[in-house]
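What follows is one structure encoded as structure tokens, with my remarks underneath.
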Amino acid sequence: MKKQFIAVFIASFILFGVFYGILANTIFKNDTVVATDPDPLETENGTEDPVEEEKNDILFLLMGVDAQDVTQSKGTRTDTLMLTSVDLDTGKISILSIPRDTRTTVQGRQDKVNAAHAYGGAEYTVEVVENLLNIDLEYYVKVDYQIVQDVVNAIGGVTVEVPFNMRYSDPTAKPPLNINIDKGVQTLDGKNAHDFLRFRHNNAMTVGYPDGDVGRTKTQQYFMKELVKQTIKPRNLLKLPKLIETYFDNVETNIPIGVMLKGALAANKIDVEAMETETLPGEGSYIGGISYYISDGAQAEEVVRNMFGNYLVD
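The sequence shown stops at residue 313 when you use numbering that gives the first Met the number 0, and every number in between is there.
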């Protein structure tokens, strides 16, 4: 099964923010805007109407699909799900990884959360995650695995520390898979970055993550931080045209361009080291011979409240 990873959208999002932020600053730096409108709370009879406080962050579900082309992903399962928020006041990024085997209600019965996309696409996946976490979720970002290779190659590779020798081959995969990455600090090109994120265990099942997909999720989160940190280096701003091309070729999203541009103001506040990453609390279990990830209701609620409290549904 192909391994997709959607962390690179965050790097793209930040890059677009930097780009538009610089552009806006250049165009409007000499302009001064003075507000002269009457108090928006004032009504004709002189009383004030309550106004709902506007959320000053962006919440979206990042999803990677088992497809070589994001436009041809109908009927496929998601391989990666990450609930992500960007605080526009502080620039803080918060990411909650949802293991793909998480057991929840899909089409009226208990199933793995990654099956939602196969039944109803991105919109239905958003609905299922809304119900799973009891949150108000509107936006999504969906990508295919090719974006990992394209972005990493565009910036000249990503340097990471590989936890163990990664060896795995599967000639039946499409395309055929041959993972061969040495333990230690390595600068990965696009293919090896993709393989690094895809690796679970070797063919003999003697080398791999002791905690399975949870361990791989931690590796994904680590890779995300390094990718963002290395992508936003000044030298890579010159590569924006290629990154933008990659973004539009491999990303499907319902986030309006106006919301994206709003995020430009927070781009210079991003602190990658302060990026908050968590995994939905729970543990693996076999039910009816099928492997599931069972979320811990009380702990999950606490984590969601701490990370995305203003989106909780009362």
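For each residue, glycine too, the CB sits at the ideal point set by N, CA and C.
Between MET274 and the set SER93, THR89 and THR252, the nearest pair of CA atoms involves SER93. Contact between MET62 and THR124 holds, since their C-beta atoms are separated by about 6 Å, short of 8 Å. Scanning ASP110, PHE59, THR252 and GLN219 for the CA closest to the CA of TYR285 turns up ASP110. Of the residues ASP181, GLU122, ILE289 and TYR310, the one whose Cα lies closest to the Cα of THR101 is ILE289. Residue nearest to GLY119 within the set ASN164, VAL105 and PRO280 is VAL105 (criterion: CA-CA distance).
Per the C-alpha coordinates, the member of VAL127, PRO209 and ALA153 positioned closest to LEU187 is ALA153.
Judged by beta-carbon spacing, PHE59 lies beyond the 8 Å limit of TYR167, meaning their Cβ atoms are not closer than that value. In the DSSP assignment, the residues bridged to ILE289 are ILE286. For ASN177, there is no enclosing alpha helix (DSSP H); the residue is found in the beta strand (DSSP E) stretching over 176-180. Just measuring C-alpha positions, the residue of ASP181, PRO280 and VAL161 sitting nearest LEU132 is PRO280.
Pairing ALA297 with GLU225, the inter-Cα distance amounts to about 31 Å.
By the criterion of a C-beta distance shorter than 7 Å, VAL213 is surrounded in its chain by PRO98 and THR278, once the five residues flanking it on both sides are discounted.
Under the 10 Å beta carbon count, ILE180 is surrounded by 16 or more other beta carbons and is classified as buried.
Between the C-alpha atoms of PRO170 and LEU237 there is a straight-line separation of about 38 Å.
When the Cα atoms are used, THR205 and ILE293 turn out to be separated by approximately 25 Å. Non-local C-beta neighbours of GLY189 in its own chain, meaning closer than 6 Å and more than five positions away in sequence, comprise GLN148, VAL151 and ASN152, ordered along the chain. Per DSSP, PHE307 is one residue of the alpha helix (DSSP H) stretching across 296-307. Less than 8 Å separates the beta-carbon of PHE195 from that of VAL161.
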